[in-house]
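Protein chains: 2
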Amino acid sequence: MKLARCLLGILTIVILNPMSVCRVSNADEGMWLFNDLPLEYLQKKYGFKPDEKWAEHLMKSSVRFNVGGSASFISSTGLVLTNHHVGSDTLYKLSTPERNIMEAGFLAKTHAEELKAPDLELNQLVNIRDVTGEVKGAVTDGMKPEQAVAARRAVIAKIEKSALDETGLRSDVVTLYGGGRYHLYQYKKYTDVRLVWAPETAIAFFGGDADNFEYPRYCLDACIFRVYENDKPAKIEHFLKWSENGPSADELTFVSGNPGRTSRIFTMDALRFQRDVRMPFMLNGLRRQEILLQQYGLRSTENARRARDDLFGVQNSRKARLGMLAGLQDPTVLAEKQKAEDVLLAAVNADPKLKPLATAWDSIRETTKKRGELQGKGVSLTSSLFSIAMSIAMMAEEDQKPSGERLPEYSEAGRESLLQQLYSEAPIYEDLDQVLLADSIARTLESRGFDDAVCQQILAGKSPADRASELITGTKLKEVANRRKLVEGGLKAVEASDDPLIQLARTVIPEIRKFRTITDQLDEQDKQAYARIAEAKFATQGTSTYPDATFSLRLAFGPVAGYEQNGEAIPAWTKVGGTFEHEEKHKGQADYKLPESWKKAKDSLNPNTPFNFVSTADIIGGNSGSPVVNSKLELVGLIFDGNIQSLTGDFIYSDKQARSVSVHSSAIREALQVVYGAENIVKELGK
Amino acid sequence: MKLARCLLGILTIVILNPMSVCRVSNADEGMWLFNDLPLEYLQKKYGFKPDEKWAEHLMKSSVRFNVGGSASFISSTGLVLTNHHVGSDTLYKLSTPERNIMEAGFLAKTHAEELKAPDLELNQLVNIRDVTGEVKGAVTDGMKPEQAVAARRAVIAKIEKSALDETGLRSDVVTLYGGGRYHLYQYKKYTDVRLVWAPETAIAFFGGDADNFEYPRYCLDACIFRVYENDKPAKIEHFLKWSENGPSADELTFVSGNPGRTSRIFTMDALRFQRDVRMPFMLNGLRRQEILLQQYGLRSTENARRARDDLFGVQNSRKARLGMLAGLQDPTVLAEKQKAEDVLLAAVNADPKLKPLATAWDSIRETTKKRGELQGKGVSLTSSLFSIAMSIAMMAEEDQKPSGERLPEYSEAGRESLLQQLYSEAPIYEDLDQVLLADSIARTLESRGFDDAVCQQILAGKSPADRASELITGTKLKEVANRRKLVEGGLKAVEASDDPLIQLARTVIPEIRKFRTITDQLDEQDKQAYARIAEAKFATQGTSTYPDATFSLRLAFGPVAGYEQNGEAIPAWTKVGGTFEHEEKHKGQADYKLPESWKKAKDSLNPNTPFNFVSTADIIGGNSGSPVVNSKLELVGLIFDGNIQSLTGDFIYSDKQARSVSVHSSAIREALQVVYGAENIVKELGK
């Protein structure tokens, strides 16, 4: 599973993130805050109570990949373990037609051979501070929506900026419990990140799109980076020891990672909106993108290489969202949500003190209606080069204002990360970019209406294909130096620029701002509504709850456990030997072809080594790459997927069949030794 | 190219077929009626004037594949030549996991080895009669829409039935020139059709989806059937001789086939409706189907085999429609249409006698608006078994009325063809059918709204997947004997049936009827409007016009001619030798892998034999399999595609870059001899 990557600088899809309170109704449900762990529950159910040191060690051993994923430190020498599909953004950028790392894999035998990622930023969470009072204090009753948006934006920018100035740490205010709490998360940043090892995609993603979100699985979805400081391997204090044998059956395990987004607090109106409007719309867009990338890739093997990473991402999203929609379209699932909402509303209405909170549901009904009317009406063009143009043009305008009044992504605190993306030397393939741009112009014509004024400005009298060709051929933003010149020249340089993409960006910015203002206000309205619902939940159900996922560090847990499917017992483990049988069974089909390295190593591998396993831990997209540890904090696995039954986890948790899927620690070690001859890495593991 | 096949018994997509008059504005434009050929134009431009005998011979040598395609008789012994992709419906039905004809190809060395198609019906046009007076007389001024629909339906059913009774021939009244003319087409039917030869899909569709609608091409998109009568090869009087060398450069060629549908008469409002509403909607549906079939196919090689034929059809439609939409989204293309409309309307408004006709444009504006509101609101479930249930249940109800009052597909004249489909022993794969049904239930929930009463009846409290599983597992319609029992038992048997699919069909029929009544009336309103527009055109532009395509026999023509693309000269021909270079260039990609038979034959093949060629003949989907002949009526080629520039041909013809693509007659003969060792067939060709 994989968090869909947002295109730099332009919000392709506005993600509503209510970040709200969730009631624990099932066994091992929960994505818990590291500063508010369910200690009593763990003690009571599992007889294990993590102490502060335990939590701090795990927190600081955990790593966030800014492109959307999780990871962990696995040595004092800076080694970082994550999924192949989390690293793939970098593997792709480091690949060339001659050296296709995505396909062939990679191993650095020495530090000198390690490959520097062009634009990777890793975050290590080192501090959490509650800033609820400060943030809440800034928004007062009676403020108009636009005032509330501005006030909240200003106070958050101020807190982030002063925390950054004070500590030099990346400082993000995270909205939790739907606005019930605001925490300041401070990260140590690593921006010199180098690739150490990656297996072939053929084994990392064995079974391909067909096996994605399925179980049993046989995937070595792992790769290893190393963080550097001052051009030397960073010295890491908190890292995870490698387990000798991995987890035993039913053993309690913990997952420390960054789940991206859940919607468990959603009201029934919000869920119905997802089911009837948002999900079908997004799926249409994803399928469109998928076919487009497939078609582009079919033209040549080099095209296929260029499109592969985007295609994987799109296919992954499509399958995930299809699973979510299937859950929402299951009357029995929504009946359960309806019942819970009825109970809560009844309790609210029965208590005169709580009764005013009931307006929250009306408020959300109102915003979903407005969101429905806005669906697809934004201006959203898919192109890396256009996204760069948008960022540059927008930044130039935003920089005219004080940091606290800017759109958050252009505030002082985030500038460094933004520029790292803008100045990335990662390859951009013009032909692919042109195909994507042409199609997204066509899509915009369809969704906004051909005769719409903005559409006509975008087209400039040409067909989408001709216009895209003209724009991409004409732009000089392919050269990083030209981007830098425009950024440094500021508004004046941007206004004087004759670059066609900069000019197009300036043409559409007014419309994008208009749309953004509306959606920001809807988001603010929802924030206030969900904060009231959170309050109602706290009041009626107590406080042993966790907030919806926010792509910040959380702890999940659960035992290793198989499940039943169509009357069949699905065992918790697969074994390395089964991999070869799985290939045999799917003879002749492309994604079931093991790489040569595995075929050669077949006789040397122990067929009984556990390969993948499942547990009941509560995870979601963004958790990919999360370390799985036992209570002794030894690394026993590496989260890489959820099964198909887990896809409803976006809005409801169940431990009946839903499972998180991990690569077993022993399989990674054995593959490194036996298949890849990476003794150098094995020696460093957990040391 | 391929006509999308309609699912039996249920209109998945309502195709508006205005069947209207087209003005010839370009060189070799036109899909001409065999009883109204452009003799003067041909004489003037090419110095060749076909006589009646010439036309009759070509007409009677032409064959229509009822599944959507064209073909020709190529021997006195009943051999029929068509495209592999037209025959593929049958190749697919004849295939099993053990004998995959689609993949491996097929050759019968003797009559006894020929394989009988389970449900193929071929039509040979033998007679055309003008019945305009009769049909037009039935609809009188002042009739309400529902009365007009009924009156027209009744008179057409009567004409067809009495023609059938009189001659025993299949008799279809075809609406031409948007209702300006009605012709009775009478066909000799062949229903004992046997497969003689088919090459491997790998060479028939070499380059796959990527090369589809592209040029240069290297495809042996051909296969050969034989028609039987009384269990013996039919004796055929009119068939095409095989040309010795095929066409020379710039030689005038003729295409005789059944173009499915064009929309050249469309008003600007109708075109905008296609651009903004209909095409985007259909493309979303096609992409959805494409991904679904791909996903199903990825699970195993057997699944891939089962899904392949549908997948090809969907991909073909998707690419064709995408090309059409691209044309509609090109401002320069529509500007040309707008100009023509302006000129016509000005002429109409300037003439007091014609002025009343101008209301036609308002009428179409009105119907497109209504069609937009209806978009996606019908009940449309995709499942072969459900389609059978629908046909049976609907037929039982319709049979209560006199033939002339029934929905046309249930009239007496069409009964035999309908039953042939219903009683087909062609395999239906339950697992695939279930996947398609589940997805189409989900799609219906999305388009009609989850809480819609009909949706809730369809779901019956279950998720789409569970409901589809229950329905497909529970139905007994897999057995042809059970279908027959229900058909023979009539309404009583249907009403008493506890088959879950029959019950579901009966549940949704009222809604389907409601929707059908509305769309039938819109079609009638359009028919009357386009008839007025046709009248305006006849009056202002003369009568040397042809009607829009109607999946009935037409003659197109044009010289063999290359074209220019991106400054590059694209030659008219490709050669057999280039095929191997094309494979080399796309090394490693699946659809560019030549079959073993071709690799073995490489050294024996003449690399200079022409393989595919292009001409300016005006064709469209449905023309696939059309014979290309020279003025001596010798077979010189086999239409199988149009290039990407031809895709706007649905609504505008151009001979600048748009080309029809054919397999060269010499390539077919050489492949039969050298690659397939089919001397037995070669001896029969043209004899």
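The listed protein sequences correspond, in order, to chains B and H. Numbering of the first sequence is given in the working numbering, commencing with residue 1 and proceeding in unit increments. Numbering of the second sequence is given in the working numbering, commencing with residue 688 and proceeding in unit increments. Ideal Cβ placement from N, Cα and C applies to all residues, glycine included.
Residue range of the alpha helix (DSSP H) that includes H:C906 = Locating residue 906 of chain H in the second sequence gives position 219, counting from the first residue. No alpha helix (DSSP H) holds H:C906; DSSP gives it neither H nor E.
ask   = From H:L1072, H:N990 and H:S1098, pick the residue whose C-alpha is nearest to that of H:P784; which is it?
value = Reading the second sequence from its first residue, position 97 is the one you call residue 784 of chain H. That would be H:N990, whose Cα lies nearest to the Cα of H:P784.
inquiry  = Counting beta carbon pairs with one atom in the region 257 to 267 of chain B and one in the region 619 to 626 of chain B, are three or more of them shorter than 8 Å?
reply    = Taking 8 Å as the limit for Cβ pairs, the verdict is that the region 257 to 267 of chain B does touch the region 619 to 626 of chain B.
request  = May I have the straight-line CA-CA distance separating H:A1180 from H:M1082, to the nearest angstrom?
outcome  = Taking the second sequence and counting its residues from 1, the one referred to as residue 1180 of chain H is at position 493. Taking the second sequence and counting its residues from 1, the one referred to as residue 1082 of chain H is at position 395. Approximately 12 Å between the Cα atoms of the pair.
task = Count the CB pairs spanning the region 573 to 582 of chain B and the region 598 to 616 of chain B that are closer than 8 Å, and state whether there are at least three.
result = The region 573 to 582 of chain B, when compared against the region 598 to 616 of chain B, does touch it at the 8 Å Cβ threshold.
query = Is the region 1078 to 1095 of chain H close to the region 1141 to 1156 of chain H, with three or more CB pairs under 8 Å?
reply = No, because fewer than three Cβ pairs between the region 1078 to 1095 of chain H and the region 1141 to 1156 of chain H fall closer than 8 Å, the two stretches do not touch.
request  = Note down, in chain order, each residue of its chain lying with its Cβ closer than 6 Å to the Cβ of B:A529, except the 5 sequence neighbours on either side.
outcome  = By 1-based counting over the first sequence, the position of residue 529 of chain B is 529. Result list for B:A529: A360, S363 and I364, in chain order.
query = Would the region 178 to 188 of chain B and the region 128 to 146 of chain B be scored as touching if the rule is three or more Cβ pairs under 8 Å?
reply = yes
Residues, ordered as in the chain, of the region 829 to 846 of chain H that lie near chain A by beta-carbon distance below 8 Å = The displayed structure is made up of protein chains B and H, and chain A is not among them.
Opening and closing residue of the alpha helix (DSSP H) in which B:E634 lies = Here residue 634 of chain B corresponds to residue number 634 of the first sequence, with the count starting at 1. Careful: B:E634 lies outside any alpha helix (DSSP H), inside the beta strand (DSSP E) at E634 to G642.
ask   = Buried or exposed: where does H:E1166 fall if 16 or more other Cβ atoms within 10 Å of its Cβ makes it buried?
value = Position 479 of the second sequence holds residue 1166 of chain H. When all chains shown are included, H:E1166 counts as exposed.
key: Closer than 8 Å to chain H by CB, B:V682   = Start at 1 with the first residue of the first sequence, and residue 682 of chain B comes out as number 682. With 8 Å as the cut-off, B:V682 does not count as an interface residue toward chain H.
inquiry  = Less than 8 Å between CB atoms is the rule here; does H:H1273 satisfy it with respect to chain B?
reply    = The count along the second sequence starts at 1 and reaches residue 1273 of chain H at position 586. Cβ-Cβ to chain B under 8 Å: yes for H:H1273.
query = Among B:C219, B:D51, B:G449 and B:E56, which has the Cα closest to the Cα of B:G124?
reply = Position 124 of the first sequence, counting from 1, holds the residue named residue 124 of chain B. Before going further, note that residue 124 of chain B is Gln rather than Gly in the sequence given. For B:Q124, the nearest C-alpha among the options comes from B:E56.
inquiry  = Checking 8 Å against the spacing of the C-beta atoms, do H:E901 and H:D1305 come in under that value?
reply    = Counted from its first residue, the second sequence places residue 901 of chain H at position 214. Counted from its first residue, the second sequence places residue 1305 of chain H at position 618. Against a cut-off of 8 Å, the Cβ pair of H:D1305 and H:E901 comes out as no contact.
message = Helix, strand or coil for B:P38? Go by DSSP, reduced to three states.
response = For this step, residue 38 of chain B is matched to residue 38 along the first sequence. Coil, per DSSP.
query = When DSSP labels each residue in this structure, what does B:D172 get in the three-state scheme?
reply = Translated into the one-based positions of the first sequence, residue 172 of chain B becomes position 172. The answer is strand: DSSP assigns B:D172 an E or B state.
task = Give every residue of the same chain whose Cβ lies closer than 7 Å to the Cβ of H:I1115, excluding the five residues on either side of it in the sequence, and list them in chain order.
result = Working through the second sequence from its first residue, we reach residue 1115 of chain H at position 428. So the qualifying residues of the chain are S1071, L1072 and K1165.
request  = Show which residues of chain H have a CB atom less than 7 Å away from the CB atom of B:N284.
outcome  = Reading the first sequence from its first residue, position 284 is the one you call residue 284 of chain B. Near B:N284 (Cβ distances below 7 Å), the residues of chain H are N971.
Alpha carbon of H:A1027 to alpha carbon of H:A1226, nearest angstrom = Walking along the second sequence from the start, residue 1027 of chain H turns up at place 340. Walking along the second sequence from the start, residue 1226 of chain H turns up at place 539. H:A1027 and H:A1226: Cα-Cα distance of roughly 15 Å.
Where the region 1124 to 1137 of chain H meets chain B: residues whose CB sits under 8 Å from a CB there = A1129, L1132, E1133, G1136 and F1137
query = If we call anything under 8 Å between Cβ atoms a contact, is B:L555 one with B:L37?
reply = The residue labelled residue 555 of chain B in the question sits at position 555 within the first sequence. The residue labelled residue 37 of chain B in the question sits at position 37 within the first sequence. Result yes, Cβ atoms of B:L555 and B:L37 sit closer than 8 Å.
message = Strictly under 8 Å for the Cβ-Cβ distance: is B:A468 near chain H by that measure?
response = By one-based count along the first sequence, residue 468 of chain B stands at place 468. Closer than 8 Å: no.
key: Nearest-angstrom Cα separation, counted from H:F760 out to H:F912   = For this step, residue 912 of chain H is matched to residue 225 along the second sequence. For this step, residue 760 of chain H is matched to residue 73 along the second sequence. About 9 Å.
message = Would you call the region 906 to 920 of chain H in contact with the region 1337 to 1345 of chain H, where contact means no fewer than 3 C-beta pairs closer than 8 Å?
response = no
query = If you draw a straight line from the alpha carbon of B:R23 to that of B:F551, how long is it in whole angstroms?
reply = Against the first sequence, residue 23 of chain B aligns to sequence position 23. Against the first sequence, residue 551 of chain B aligns to sequence position 551. Because B:R23 sits at a pLDDT of 45, beneath the cut-off of 50, its placement in the model cannot be relied upon, and the point is left open.
request  = Using alpha carbons as the reference points, say which of B:A601, B:V661, B:N566 and B:K687 lies closest to B:V674.
outcome  = Along the first sequence, read from residue 1 onward, the residue named residue 674 of chain B stands at position 674. Among B:A601, B:V661, B:N566 and B:K687, the Cα nearest to that of B:V674 is on B:A601.
message = I'd like the list of long-range same chain contacts for B:E149, defined as Cβ closer than 7 Å, with 5 residues on each side in sequence excluded.
response = Indexing the first sequence from 1 puts residue 149 of chain B at position 149. Note on identity: in this sequence residue 149 of chain B is Val, with Glu being the wrong assignment. Non-local beta-carbon contacts of B:V149 in its own chain, meaning distances under 7 Å to residues more than five positions away in sequence, involve D520, Q521 and E524 in chain order.
query = What are the uninterrupted segments assigned as alpha helix (DSSP H) that are 4 or more residues long and contained completely in the region 1279 to 1317 of chain H, given in chain order?
reply = 1283 to 1288
Spatial distance of B:R318 from B:L286 (CA atoms) = The sequence position of residue 318 of chain B within the first sequence is 318, counting from 1. The sequence position of residue 286 of chain B within the first sequence is 286, counting from 1. Rounded to whole angstroms, B:R318 to B:L286 spans 6 Å at the Cα level.
ask   = Under 8 Å between C-beta atoms, does H:P1258 make it to chain B?
value = For this step, residue 1258 of chain H is matched to residue 571 along the second sequence. So no, H:P1258 is outside the interface.
Cβ contact check for the region 288 to 304 of chain B and the region 1102 to 1116 of chain H: 3 or more pairs under 8 Å = no
query = So with Cβ pairs under 8 Å, would you call B:A317 a contact of chain H?
reply = Translated into the one-based positions of the first sequence, residue 317 of chain B becomes position 317. For the sequence presented, residue 317 of chain B should be read as Ser rather than Ala. No, B:S317 lies away from the interface with chain H (no Cβ there is under 8 Å from its Cβ).
Within chain B, the residues that H:R651 reaches when beta carbons sit closer than 7 Å = Lying before the first or after the last residue shown, residue 651 of chain H is absent from chain H, which here runs from 688 to 1374.
ask   = How many angstroms separate the CA atom of B:A104 from the CA atom of B:Y410?
value = Start at 1 with the first residue of the first sequence, and residue 104 of chain B comes out as number 104. Start at 1 with the first residue of the first sequence, and residue 410 of chain B comes out as number 410. Going from the Cα of B:A104 to the Cα of B:Y410 covers about 38 Å.
request  = Return no unless some Cβ of chain B is closer than 8 Å to the Cβ of H:D1017.
outcome  = Position 330 of the second sequence, counted from the first residue, corresponds to residue 1017 of chain H. Judged by the 8 Å Cβ criterion, H:D1017 is in contact with chain B.
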